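Note that the protein sequences, when read in sequence, are chains A and B. Counting in the working numbering, the first sequence runs from -14 upward without gaps. Counting in the working numbering, the second sequence runs from 533 upward without gaps. Ideal placement from N, C-alpha and C gives every residue a C-beta, glycine not left out. Bear in mind the structure is a predicted one, so any value in this text is a computation, not a measurement.
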Amino acid sequence: MMAEAGLAALWLAAAMALLQFAGGLTLMRGGAGQLTPLIKPAAIVQGALCIFSFFALMYLFTITDLSVLLVASNSHIDKPMIFKLAGTWGNHEGSMLLWVTILSVSGAAIALIEKRIDTRTLQVTLAVQAFIALGFFAFLLFSSNPFERLLPAPAQGAGLNPLLQDIGLAFHPPTLYFGYVGLSVAFSFAVAAMLTRQIGPAFARAMRPWVLGAWIFLTLGITAGSYWAYYELGWGGWWFWDPVENASLMPWLAATALLHSVSVLATRNALRAWTVMLALVAFAMSMAGTFLVRSGILTSVHAFAVDPKRGSFILALMLIYTSLAFVIFALRIGTVKQGEPFQLLSREGGIVANNIFLSVILAVVLIGTLYPLAAEAMGDKISVGPPYFNKTTAPIALLLMLALLLGPMLRWRRDDIKRHKYWLVGFFAIILWSGVALWKYAPNIGIFPMLGLAFALALAVAAWVPLKGRKLLRTPLPVFGMVIAHFGLAVSVFGMASESGFSKETLTALAPGESAKVAGWQVKLVDVNPVVGDNWVAIEGEMRARTGGKSFVLRPQSRQFFQPEMQTSEAALLTRWNGQLYAVIAQPDENGDGRWQVRLWWKPFVSFIWLGGVLVALGGLIALLGRMFRRAKKPAKNRWSEA
Amino acid sequence: MNRSMLLWIPLAVVAFIGGWFIYGLAVPKDDMLHSAMVGKVLPVFTLPPATAGIEGLSNLNMADGKPRLLNIFASWCIPCKAEAPQLEALKEAGVEIDAIAIRDKPEDVAAFLQEFGNPFRRIGSDSEMAVQLKLGSSGVPETYVIGGDGTILYQHIGDIRAEHVPMLLDKLRSAQ
Chain A
-14 MMAEAGLAAL
-4 WLAAAMALLQ
6 FAGGLTLMRG
16 GAGQLTPLIK
26 PAAIVQGALC
36 IFSFFALMYL
46 FTITDLSVLL
56 VASNSHIDKP
66 MIFKLAGTWG
76 NHEGSMLLWV
86 TILSVSGAAI
96 ALIEKRIDTR
106 TLQVTLAVQA
116 FIALGFFAFL
126 LFSSNPFERL
136 LPAPAQGAGL
146 NPLLQDIGLA
156 FHPPTLYFGY
166 VGLSVAFSFA
176 VAAMLTRQIG
186 PAFARAMRPW
196 VLGAWIFLTL
206 GITAGSYWAY
216 YELGWGGWWF
226 WDPVENASLM
236 PWLAATALLH
246 SVSVLATRNA
256 LRAWTVMLAL
266 VAFAMSMAGT
276 FLVRSGILTS
286 VHAFAVDPKR
296 GSFILALMLI
306 YTSLAFVIFA
316 LRIGTVKQGE
326 PFQLLSREGG
336 IVANNIFLSV
346 ILAVVLIGTL
356 YPLAAEAMGD
366 KISVGPPYFN
376 KTTAPIALLL
386 MLALLLGPML
396 RWRRDDIKRH
406 KYWLVGFFAI
416 ILWSGVALWK
426 YAPNIGIFPM
436 LGLAFALALA
446 VAAWVPLKGR
456 KLLRTPLPVF
466 GMVIAHFGLA
476 VSVFGMASES
486 GFSKETLTAL
496 APGESAKVAG
506 WQVKLVDVNP
516 VVGDNWVAIE
526 GEMRARTGGK
536 SFVLRPQSRQ
546 FFQPEMQTSE
556 AALLTRWNGQ
566 LYAVIAQPDE
576 NGDGRWQVRL
586 WWKPFVSFIW
596 LGGVLVALGG
606 LIALLGRMFR
616 RAKKPAKNRW
626 SEA
Chain B
533 MNRSMLLWIP
543 LAVVAFIGGW
553 FIYGLAVPKD
563 DMLHSAMVGK
573 VLPVFTLPPA
583 TAGIEGLSNL
593 NMADGKPRLL
603 NIFASWCIPC
613 KAEAPQLEAL
623 KEAGVEIDAI
633 AIRDKPEDVA
643 AFLQEFGNPF
653 RRIGSDSEMA
663 VQLKLGSSGV
673 PETYVIGGDG
683 TILYQHIGDI
693 RAEHVPMLLD
703 KLRSAQ
């Protein structure tokens, strides 16, 4: 019964989207038609229906209704409740339902709260949003119905991919979806603003919180995904330049650029065409990312999400949305007037530098990700891996950090370099001092880790400079947000550089009672015991790690899941303030002499990578709260508000 | 180029990447690693016997004028068990089959042959996978059609299914 109700709600929601879109069409064909007053209410009802539909599916998962095909093939009666819940979106159909739900709810939110742009642009935005939703409704209803029945119902259910039975990962895909969908809202705003010729500060201010929100989620999603890969895959690395990782990085790069350029448009009414293009590119990148993950045209560790047929559907949607948008772009953007002028050395100039560097990194990552596909077309098999990506992105990222030392201090419109000479000398001194120190005491760590550490130290100081001379209590929250996000970047880069420059590794086979050494740690394998979980069995090593008179216990596991059968390794992590000890145990050594394969790493300051990521997202959150809070107090107005 | 033409560039990029993606979807993906040795003479190697009572294998054994199959297998490999009946069928059809056991132990090989039958004339033990690498083989099982002069004529990747047997017999016949 619940399944049928959920499906009915989904059909009704699709009808609402159709109504919304039709209303938008009549609006574009000249003046307000009879349908236009219905656009806003339709958006709200559509959001409510989708929420109902999603919770109906979630309910079916919580009661493990095995007469529903999706539940039967992705859940199991013995599964812990939290993973039953996560099972709702831990599969293709459910995740697509989550996607349209978030999309529709954002539409409803725009309809309810957006007051900064004119009604016409708002209505067209909702119509574009509905047009995007229609594609996903069609996808769901015609080829991925999450509520399909399975009769007769099986007794148990098949289970969820064990790699996904992890609390972090249960929330990883939804986080990215919030990010992707947020970018779809920015896309809708941009298309609507082009259609109604309203590209200006009002449009930028309406779009900004969505970009910011999407960017926060993407930042968190990437950070969490990286940490998951680090402790779950047991390879000891935190970024593999895997196609799927790149697929999440590319929208983030575009969104980061957009976040900065939209500020210029909102504050200074410049970079109009560029900002619109970035909004289109950011959403195109998130669609392309989804496509790459789902289609399996690139080989990846995320192969569990693969299905070529679904891939072609997503590809079709992506091509329809982006090519229509870029046709509108090509036809309309030429009529957009040049924005306000600025000099090279100005805040705008700094942000342009940021945008150029980010775009170059984006292009480099895109080419590297797609190159194997092109090579295969020419009959060659190539995989593009870390050597390419590290060598190409690291220098540009370092340039970006250099620009970031100065950029936030600059004034809008024009500035004088002499005003900042003491700071510049100071930053240069920090870089030089740390560079020379590293050169002397750790000459073998490589040029990029060395520069990364030096630049990170300089940025850790420079990030706070914009607060200088301000009364802290009267400083707007977005400024604090910016400072914290930039400081977070410094923290993260420090962690990356330190990890790649100073990690120590030991691979050995130990019998219980034997010890191994890594970077000043003495690790003894005390015992190996079997342990049993809800739906897995494992061997668990008990290790005693000693350093400087202190002793800690580590318990890495090698897990064997049943239903479906699969082996995973659960690394044991010991976090100290200055780094992490990372231990992995594998199945018995093949010589069968009672030894166990043990891998140990000491990774100095590795946790700074994710701590930095969280700080960056926190900065974003503070800025977002600031924007919302300020708006609640007084609507922002300036002389371009009528542009 | 004037400005209005520049504005179409993003669309062109979308079309280009889209075409690329469509191609990627349309062309079935070939995940197999084909050996570069096909068409070339067998590399020089001499392998000790993999188990008691059966001769080891050298490349010279396979250049005696008669076409044959060279099977790469291991007792720990599950698809190798699945292809045992097909190898048996090929042997019944009069095909000579030599084999290389990869990273195996004599007693395991013996147990494997005991359980699944022995279609092989010789079995060399490649405990370091050195010969496997020389042959350009990327996994087990793989089966090579070797010409009478010791040339590698064909590489079959994965287990031999029932439907592959006539094809392999054809290849051997045309190698006569």
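Taking the CA atoms as reference points, F314 (chain A) sits about 16 Å from M303 (chain A). Burial check for H61 (chain A): the Cβ neighbour count within 10 Å reaches 16 or more, so the residue is buried.
Per the coordinates, the alpha-carbon of R580 (chain A) lies some 21 Å from the alpha-carbon of G221 (chain A).
From the beta-carbon of M262 (chain A), the residues of chain B found nearer than 8 Å are P542. At least one CB atom of chain B sits nearer than 7 Å to the CB of T307 (chain A).
According to DSSP, E587 (chain B) shares a beta bridge with no other residue. When DSSP assignments are scanned along the region 540 to 601 of chain A, the uninterrupted stretches of beta strand (DSSP E) that are 3 or more residues long and fall wholly within it turn out to be 542 to 546, 551 to 555, 557 to 561, 564 to 573, 581 to 589. Comparing alpha-carbon positions, the option among A:G370, A:L423, A:V345 lying closest to G353 (chain A) turns out to be A:G370.
Within the region 311 to 334 of chain A, those residues whose Cβ lies closer than 7 Å to any Cβ of chain B are, in chain order, F311, V312, F314, A315, I318, G319.
Assigned with DSSP and collapsed to three states, I655 (chain B) falls in strand. Look at A362 (chain A): its C-beta is under 7 Å from a C-beta on chain B. Per DSSP, Q19 (chain A) is not a residue of any alpha helix (DSSP H), being assigned neither H nor E. DSSP places W224 (chain A) in no alpha helix (DSSP H); its state is neither H nor E. Under the Cβ criterion of 7 Å, G296 (chain A) is counted among the residues facing chain B. Sequence-distant Cβ neighbours of F156 (chain A) in its own chain, meaning closer than 8 Å and more than five residues away, are A71, A209. If the five residues before and after A239 (chain A) are omitted, its C-beta is found closer than 7 Å to the C-beta atoms of L263, V266, A267, M270, L347, all from its own chain and listed in chain order. Using a Cβ-Cβ cut-off of 7 Å, Y555 (chain B) counts as an interface residue toward chain A, since at least one Cβ of chain A sits closer than that to its own. The beta carbon of G120 (chain A) is closer than 6 Å to those of L302 in its chain, skipping five residues each way along the sequence. DSSP places N650 (chain B) outside both helix and strand once states are collapsed to three, so it counts as coil.
Each residue's CA atom was taken as its position, placing I98 (chain A) and K69 (chain A) some 34 Å apart.
Against chain B, the beta carbon of A269 (chain A) has neighbours under 8 Å at V546, listed in chain order.
With respect to F46 (chain A), T73 (chain A) sits close: the two C-beta atoms are nearer than 7 Å.
If the five residues before and after N231 (chain A) are omitted, its C-beta is found closer than 7 Å to the C-beta atoms of V350, T354, all from its own chain and listed in chain order. Comparing alpha-carbon positions, the option among A:A571, A:P541, A:F472, A:L510 lying closest to W595 (chain A) turns out to be A:F472. As for any alpha helix (DSSP H) of minimum length 4 sitting wholly inside the region 50 to 109 of chain A, the runs are 54 to 59, 66 to 72, 77 to 98, ordered along the chain. Residue environment for F412 (chain A): buried (at least 16 other C-beta atoms within 10 angstroms of its C-beta).
Counting along the chain, the unbroken alpha helix (DSSP H) around A662 (chain B) starts and ends at 662 to 667. G550 (chain B) has a beta carbon lying within less than 7 Å of a beta carbon in chain A.
Across the structure, K637 (chain B) and I610 (chain B) are spaced so that their CA atoms are roughly 16 Å apart. With a threshold of 7 Å between beta carbons, L300 (chain A) makes contact with chain B. Residue pairing by DSSP places A530 (chain A) opposite A:V508, A:F537 in a beta bridge.
At a Cβ-Cβ threshold of 7 Å, G142 (chain A) and A57 (chain A) count as neighbours. With its beta carbon at least 7 Å from every one in chain B, L256 (chain A) lies outside the interface.
Considering only A:M235, A:L12, A:Q572, A:G437, the residue with the shortest C-alpha distance to S344 (chain A) is A:M235. For D400 (chain A), the CB contacts under 7 Å within the same chain, skipping 5 residues up- and downstream, are L330, S331 in chain order.
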